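Report on the structure given below.
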Amino acid sequence: MKYTYFDREEFIRQAADNEDVARQVAQLYHRDIAQDLSAMEAAFAEQNMEAVRRLAHKSKSGFIIMGASELYQLALSIESRCKNGETDLKEDLIKFRQMCEGLDGEVVEAFKI
Numbered sequence: 000m001k002y003t004y005f006d007r008e009e010f011i012r013q014a015a016d017n018e019d020v021a022r023q024v025a026q027l028y029h030r031d032i033a034q035d036l037s038a039m040e041a042a043f044a045e046q047n048m049e050a051v052r053r054l055a056h057k058s059k060s061g062f063i064i065m066g067a068s069e070l071y072q073l074a075l076s077i078e079s080r081c082k083n084g085e086t087d088l089k090e091d092l093i094k095f096r097q098m099c100e101g102l103d104g105e106v107v108e109a110f111k112i
């Protein structure tokens, strides 16, 4: 099956070609994503761009492992823009939430979480 937000085969390859390890990483993502998104949105509402930057940075490694390259690029952009003092990130954060939720749904389906 082809997924929109991640590359299942790349994800397993990055997890030492071990589907169980990939499943464990997917479970951690599933467990943490809602809280991380809420924290990012709360930080943005307070214009705490350093906290937004840290949360975007935190997410990047998981996206690389999961083969979620478009999400990785978006997280990198958010991180960079925060570092440069930009605050007009509302549209990017909406897109980030939508894509993260889409990824979550796909990994739940792909790994039967």
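Everything in the sequence shown is counted per numbering that gives the first Met the number 0, starting at 0 for the first residue and increasing by one. Quick reminder that beta carbons are idealized off the backbone N, C-alpha and C, glycines included. Nothing here was measured: the structure is a model prediction, and the numbers come from that model.
- When rounded, the separation of the alpha-carbon atoms in Gly84 and Phe62 is 24 Å.
- Annotation for Phe10: Ala21, Ile64, Met65 and Gly66 place their beta carbon closer than 7 Å to its own, counting only its chain and skipping 5 residues before and after.
- Boundaries for Tyr4: no alpha helix (DSSP H) harbours it, and the DSSP string shows neither H nor E there.
- Note on the stretch 10-42: there is no whole beta strand (DSSP E) run with a minimum of 3 residues.
- Sequence-distant Cβ neighbours of His29 in its own chain, meaning closer than 7 Å and more than five residues away, are Asp103, Val106, Val107 and Ile112.
- By the C-beta density criterion, Ser79 is exposed, having fewer than 16 other C-beta atoms within 10 angstroms.
- Within 10 angstroms of the beta-carbon of Met0 lie fewer than 16 other beta-carbons, which makes it exposed.
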